[in-house]
Each structure stands twice: as structure tokens, then as C-alpha cells.
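In the numbering used here, the protein residues as written are 28 to 472.
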Ligand code: GAP
């Protein structure tokens with residue numbers, strides 16, 4: 028029996044207990060909207076990033092990767108429209124003074140104190156975190172009463188670090204069009220109500236690609252990206268039944284977009300946006316051209332007239348991918364009358380691939396042989412873990428709960444004929460194999 032659709036609190040509890048994700052700054056009572064990744068979370072995230080990079084960048088010849096600074100000249104955010112328009116509608120309850128996103132609540136009744144008709148009028152709240160650059164501390168600005176030259180922002184999207192490097196990539200590599208520039212990194216948004224575990228965080232990571240095309244080709248390339256995104260979702264184990272394409276109406280689209288499809292996912296919190304695919308046309312490059320006074324024209328190699336490329340942007344959020352992957356993988360079944368939780372993670376994402384240990388730990392011969400097998404596997408397979416704690420049943424359950432595909436147990440037969448037990452996570456089936464063939468067997472799965 029398989030029951031799917033984990034409750035959010037069960038996911039939060041498992042990820043904390045087993046060292047995937049902890050609430051940020053919890054030792055001091057926390058900091059809302061921030062999360063820390065523990066050892067297994069780091070591995071899971073690394074594996075997810077590697078898969079994205081393999082599929083969208085390294086296996087292609089038309090992609091270039093950049094790693095731009097998080098701190099950028101504030102003109103970037105003027106050109107992109109973020110200074111003027113990157114805001115959410117904010118209301119405050121006059122009774123309890125809690126603040127909310129006006130578009131996310133029923134404005135008749137305060138969700139915290141229950142007061143009726145207690146809200147202030149909506150006002151636009153800009154989501155960018157601002158900070159100061161240099162040791163100016165406002166002294167001169169205050170004295171001169173001038174604009175604050177030291178004001179800068181933490182980037183609210185990685186995309187702009189790509190656009191600002193478009194010309195550098197053209198100058199260094201002179202790529203054929205279409206081509207893409209990819210970036211992975213942190214983004215920061217001062218969300219009014221961070222909520223639902225890592226789903227809406229104030230500090231999160233994005234995986235973004237700006238794909239530069241000839242304006243005549245955008246519709247064809249847009250369709251191509253839809254299919255690529257779906258292919259990758261299947262590689263990371265997301266069931267297509269849980270993914271929904273939502274064509275965003277023009278009135279709902281972001282200021283820069285002429286077409287957007289949100290890929291929504293059936294999260295434990297309901298159907299919500301997982302990632303977006305947007306046609307940004309020449310919005311960004313033309314604005315950069317205007318503010319920087321530098322030409323963004325691409326000159327085709329065949330001598331045809333130059334043009335400002337149009338852009339298709341697949342934008343993934345790492346936290347939402349992790350939440351989708353974990354909630355898809357979370358399974359409960361029954362083994363020998365006992366309930367079991369396991370993560371049905373694809374092998375490529377599993378933070379631990381193999382757990383190795385002796386049947387019992389109080390026999391030195393078994394322990395020595397197990398260490399030998401452990402070292403042998405480790406030469407070829409990353410993320411092999413040693414575990415000799417508790418009885419074998421409990422070890423298997425611990426391994427299942429973090430999504431370990433294989434457990435290898437060394438017992439007294441191993442000492443005689445070199446065979447070991449290989450136990451498979453989902454089926455719990457066990458088979459005996461010569462330990463020398465283990466690595467090939469696991470790798471060929
Ligand atoms: N460059 C385009 C852009 O940033 P977006 O729809 O605002 O578009 C893209 O963000 C993706 O980033 C979202 O689909 C989501 O996966 C992720 N994301 C955005 N805000 C987030 C937040 N506060 N917490 C976690 N992920 C977020």
C-alpha cells in the first residue's frame with residue numbers, strides 16, 4: 028500500500044530530524060523566512076544543481092555559465108524596473124499591527140486577531156533588501172541632504188547578473204545565436220509573509236537561463252523550452268500528473284513579460300508555482316542600452332543586419348524544487364505489519380547512495396571485512412556511508428528515511444564465500460552478490 032501526498036508538518040519534521048533543513052538562526056529564536064541546510068540537504072541540493080547543470084548547460088554547445096556578484100550597481104535595478112515596480116500590496120491590521128500581503132488574505136477579517144474591517148489601505152511595499160556600500164555611514168549624505176549614493180540592493184533575481192554580462196560573453200566568445208547564459212546563485216526578497224516551509228523564503232536560490240534568440244524565432248524556441256523543462260522534471264523524479272502548465276494572462280504577468288507559463292506543482296500546501304518560463308522580449312537589453320548607453324546589438328556572422336536579441340527565460344527556484352522532490356519522494360508503506368517511511372528519491376538525487384555495515388558489530392572479523400567492502404565501494408561510488416549502529420532492521424529504516432537506494436550487509440557467509448547482502452530501498456528485496464561485483468551491479472542500475 029502506498030499513500031502519497033505528505034503533510035507539510037511531516038516533511039518539515041523529517042527534514043529537521045534527519046539533517047536536511049533547519050530553521051535559520053534557531054538557536055536565537057529564529058529569523059523568519061531563512062533556512063539552513065544540514066549535511067544531507069547540502070548533498071541533495073548539490074545533486075539537484077549538478078543535474079540541472081548537466082542537462083541544461085554542460086550537455087549543450089550553446090550555453091555559457093556565469094557567476095556574477097550579488098552586489099550590483101543600483102542602475103541595474105533601475106533599468107530592470109525593480110526599483111519602481113517590484114512590490115507587493117501591504118496592509119496592516121489596526122488592532123494587532125500584524126502586516127500581510129493584501130492579495131493573500133481575506134481583507135474582511137484579520138487572520139491573526141480576528142478583528143473585522145481593521146485593515147489600513149493597501150500600499151506598495153518594495154521587496155528588495157537594501158544595504159549600504161563603503162564606509163560612508165550616511166554622514167555626507169545627511170549633511171548634503173543629497174541622494175544616498177551608497178544605497179545598493181541585494182539582488183532579488185539572478186537574471187540581471189546574466190543580462191549585465193551579455194556583452195562580455197559576446198565579446199569573449201562571439202557565440203552563434205540562439206545561445207543561452209545560465210547562472211545559479213542566491214536571491215533575496217523581503218517577502219511580507221514568508222511561509223510554508225522553504226516555499227516562500229526571504230533568502231533562496233535560483234537557477235536561471237536567459238536564452239537569446241532572433242525575434243522571429245521566439246515562438247518556436249519557447250515551445251522547445253517547454254519540452255526541455257518537462258524532460259528535466261522527469262529526470263528529477265517529478266510525476267507529470269502533479270505538474271500543471273498555467274498560461275498567465277497579460278494582466279497578471281510580470282512587468283517584463285510578453286508571455287509566461289508558470290509550471291505549477293501539487294505541493295502539500297496545494298497547487299502552487301514551481302517555476303516560470305517567460306518571454307521577456309528585448310525588455311532587459313533595451314533598458315540596459317538606454318541606461319548604459321552601450322549597444323546591445325548582436326551582429327550575425329553571415330553579415331545580415333544586426334538586432335537586439337529577444338529572450339526566453341526558464342527560471343527555477345531551488346527551494347521549491349527541493350520541496351517538490353521531497354514531497355514526491357515521501358512514501359509510507361507497511362513492511363511485516365509495521366509502518367515505514369521512505370524517500371523514493373531518484374538515485375542521482377539521493378544524498379547517500381549506499382550504506383555499508385556488518386550484521387553485528389561485536390565481531391572483529393565481520394567489522395574488518397565490512398571496512399574492506401566499504402573502502403572498495405567508496406573508490407567508485409561517492410556518498411557511501413558506514414553504519415554499524417543498532418540492529419539491522421533499524422539501520423535499514425534509517426537508510427530508507429533519507430532515501431538511500433542500497434544497503435550492503437556483511438555477514439558470516441561473507442567471510443566464507445565473499446558474498447554480501449544487497450538490499451534495495453523501495454522493494455526491501457535482498458539478494459546475495461559477490462562483493463567484487465557490487466560496484467558494477469549498483470552502477471548499472
Ligand atoms: N527572473 C525571473 C524571476 O525571478 P520569479 O517568478 O519572480 O521570476 C522565479 O521567480 C522562481 O524563483 C519562482 O518560480 C520560484 O521558484 C522562485 N522564487 C521566487 N520567489 C521565491 C521565494 N520568496 N522563496 C522561494 N523561491 C522563490
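We put the beta carbon where it would ideally sit given N, CA and C, even for glycine.
What you are looking at is a predicted structure, and each value in this text was computed from that prediction instead of being measured.
Using only the heavy atoms of the ligand GAP, determine whether one of them is closer than 7 Å to the beta carbon of residue i.
i: residue 12; result: Outside the shown range of the chain (28 to 472) lies residue 12, about which nothing can therefore be said.
i: residue 425; result: no
i: residue 186; result: yes
i: residue 35; result: no
i: residue 207; result: no
i: residue 300; result: yes
i: residue 228; result: yes
i: residue 233; result: yes
i: residue 399; result: no
i: residue 119; result: no
i: residue 108; result: no
i: residue 303; result: yes
i: residue 346; result: yes
i: residue 316; result: no
i: residue 182; result: no
i: residue 286; result: no
i: residue 276; result: no
i: residue 216; result: yes
Compare the beta carbon distance of residue i and residue j with 8 Å and say whether it is the shorter of the two.
i: residue 347; j: residue 301; result: yes
i: residue 219; j: residue 117; result: yes
i: residue 354; j: residue 295; result: yes
i: residue 146; j: residue 114; result: no
i: residue 201; j: residue 338; result: no
i: residue 282; j: residue 431; result: no
i: residue 185; j: residue 99; result: no
i: residue 350; j: residue 429; result: no
i: residue 343; j: residue 104; result: no
i: residue 323; j: residue 194; result: yes
i: residue 264; j: residue 370; result: no
i: residue 188; j: residue 93; result: yes
i: residue 479; j: residue 291; result: No answer is possible for residue 479: it lies beyond the span of the chain, which begins at 28 and ends at 472.
i: residue 404; j: residue 466; result: yes
i: residue 181; j: residue 252; result: no
i: residue 340; j: residue 307; result: yes
i: residue 491; j: residue 441; result: Residue 491 cannot be examined here, being either before or after the span of the chain that is shown, 28 to 472.
i: residue 436; j: residue 386; result: yes
i: residue 445; j: residue 458; result: no
i: residue 449; j: residue 423; result: no
Could you please give the first and the last residue of the uninterrupted alpha helix (DSSP H) stretch that includes residue i?
i: residue 390; result: Here residue 390 belongs to no alpha helix (DSSP H), and DSSP marks it neither H nor E.
i: residue 278; result: It is not in any alpha helix (DSSP H) - residue 278 carries neither H nor E in the DSSP assignment.
i: residue 134; result: Premise fails: residue 134 is in no alpha helix (DSSP H) and is neither H nor E.
i: residue 296; result: Residue 296 -> no alpha helix (DSSP H), and no H or E assigned at all.
i: residue 42; result: 35 to 44
i: residue 466; result: 465 to 470
i: residue 376; result: Taken as a continuous stretch (DSSP letters only), residue 376 belongs to no alpha helix (DSSP H), as it is neither H nor E.
i: residue 184; result: No alpha helix (DSSP H) holds residue 184; DSSP gives it neither H nor E.
i: residue 199; result: 193 to 200
i: residue 157; result: Unbroken run through residue 157 is the beta strand (DSSP E), 157 to 159; no alpha helix (DSSP H).
Along the chain, where does the beta strand (DSSP E) that runs through residue i open and close?
i: residue 448; result: 446 to 451
i: residue 358; result: 357 to 362
i: residue 181; result: 178 to 181
i: residue 151; result: 150 to 153
i: residue 369; result: 365 to 370
i: residue 143; result: No beta strand (DSSP E) contains residue 143, which DSSP labels as neither H nor E.
i: residue 460; result: 457 to 461
i: residue 343; result: 337 to 344
Practice item. Could you tell me which uninterrupted alpha helix (DSSP H) segments, each at least 4 residues in length, are contained entirely in the stretch 213 to 269, listed from first to last along the chain? Key: 245 to 262
Practice item. Let me know the alpha helix (DSSP H) ranges lying completely inside the stretch 52 to 122, each 4 residues or longer, listed in chain order. Key: 66 to 80, 102 to 106, 109 to 112
**Study point:** Residue ranges of each alpha helix (DSSP H) within the stretch 404 to 446, 4 or longer
**Key:** 419 to 428, 439 to 444
Exercise for review: Report yes or no: do three or more beta-carbon pairs, one from the stretch 56 to 71 and one from the stretch 212 to 231, lie closer than 8 Å?
Suggested key: yes
Exercise for review: May I ask you to verify whether the stretch 205 to 212 touches the stretch 127 to 136, counting CB pairs closer than 8 Å and requiring at least 3?
Suggested key: no
Point to revise | Segment contact, 8 Å Cβ cut-off, at least three pairs: the stretch 404 to 412 with the stretch 379 to 391 | key: yes
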